[in-house]
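In the working numbering, the protein residues as written are 1 to 382. In this text, a Cβ means the ideal position worked out from N, Cα and C, and glycines have one as well. First comes the structure, then the notes that go with it.
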Ligand SMILES: NC(=O)c1ccc[n+]([C@@H]2O[C@H](COP(=O)([O-])OP(=O)(O)OC[C@H]3O[C@@H](n4cnc5c(N)ncnc54)[C@H](O)[C@@H]3O)[C@@H](O)[C@H]2O)c1
């Protein structure tokens, strides 16, 4: 299959590109290095230097013999989107190209406007280009479990049947996000649902939980192929941050009471979920939704797991409950369904002590690069 990955430079985009390429697909990536620009502007950086996309593509060709085509440009620009879709004629399109940080979206008005306009414009351009140039292509869009929030009822997989005054209708499951970033993901889903209905698009929306991990089968430990690994509160995901904090001797920053529960997954499982979705596409006119995570943890449970793994490595890991910079429930009901991807064939890689130890041992090699003042910058929601 010809597969175009939008946001191919990112934490998930590059490992996905290699994984699909290794599986025999013809892969192209597009990116404007927005993530690199934003972390520089916020004065934070990943734990190791990540080569640019042309160099990563050359390193992958060297290793695998497979080419990954690189397009550098801004997907908010219609001319760029039109050009790459016409040239590459994708059969599958993976849409990762968004500003994905909740704290960044809450920094100030400028960051909020960037998040809003970037995320919605890229999604809209993708929809229009698909309709015009590749109407049969399958769009696999990364949404987030954060679209649902933490309602006091079980979360269904995308849809809910409602009985009302003797009549019945299927709706998108109610959404109530906890940040502007998550709100843009809800708006993306609404755009995709609207245009799927009127233009017969073929879409899978993956409601993904926070991802952790460094290595995939394709990268191994090769620094020229590894993804970004941010440990700051703005661009790092929680478990990755805890791993770095543990190694650096910084108390694990648990927000508030730490009962916030979410669905997590290993980076390797993200790649498998996306590949499985592409290889069994949605039907024309279908918006298919999967909840993409493999197990749920509270923040306290994650901190305890990291503390335990640290003990096995003779590290003295401490946990600190700090004032919650976010507005969110710190204890709540959480029982989301997640059977769709398992039914497609997903075999989860669960969080184990071995997984944590391998990450911590690798992070130890880069420990001197950890800068304490970049770990927690206190971006508040208020
Ligand atoms: N990482 C997670 O834990 C997680 C969890 C749930 C959902 N997601 C979703 O998955 C997707 C990928 O996340 P990620 O962690 O890889 O983020 P990331 O920031 O590392 O990757 C996104 C990539 O898209 C690029 N991009 C953004 N706007 C662009 C534009 N206008 N033109 C061209 N390129 C553009 C960025 O430069 C970046 O390389 C996002 O949509 C995010 O919302 C991620």
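query                                                                                                           : result
Cutoff 7 angstroms: residue 319 Cβ touching any chain D Cβ                                                      : The structure shown contains no chain D, having only a single protein chain.
7 angstroms Cβ cutoff met for residue 271 and residue 19                                                        : yes
Cβ-Cβ distance between residue 396 and residue 119 below 7 angstroms                                            : The question about residue 396 has no answer, for the chain in this structure spans 1 to 382.
Residue 295 to residue 364 span [Cα, whole Å]                                                                   : 26 angstroms
Through-space distance from residue 227 to residue 10, alpha-carbon basis                                       : 7 angstroms
Three-way DSSP call (helix, strand, coil) for residue 69 in this model                                          : strand
Close Cβ partners of residue 44 (< 7 angstroms) along its chain, the five nearest in sequence each way excluded : 230, 232, 234, 235 and 374
Contact test: residue 67 Cβ vs ligand 1 heavy atom, cutoff 6 angstroms                                          : no
Pairwise C-alpha distance: residue 372 and residue 223                                                          : 23 angstroms
Residue 131 versus residue 139 - alpha carbon distance                                                          : 11 angstroms
Touch test, the segment 258-268 against the segment 175-190, Cβ-Cβ under 8 angstroms, three pairs minimum       : no
Rounded distance between the beta-carbons of residue 303 and residue 252, thought under 8 angstroms             : 5 angstroms
Residue 11 CB to nearest heavy atom of ligand 1 below 6 angstroms                                               : yes
Strand pairing of residue 170, partner residues [DSSP]                                                          : 161
Extent of the continuous alpha helix (DSSP H) to which residue 28 belongs                                       : Segment 26-31 is the beta strand (DSSP E) holding residue 28; no alpha helix (DSSP H) there.
Pairwise C-alpha distance: residue 283 and residue 289                                                          : 12 angstroms
CA-to-CA distance, residue 40 to residue 387, given in whole angstroms                                          : This structure leaves residue 387 out entirely; the chain is present only between 1 and 382.
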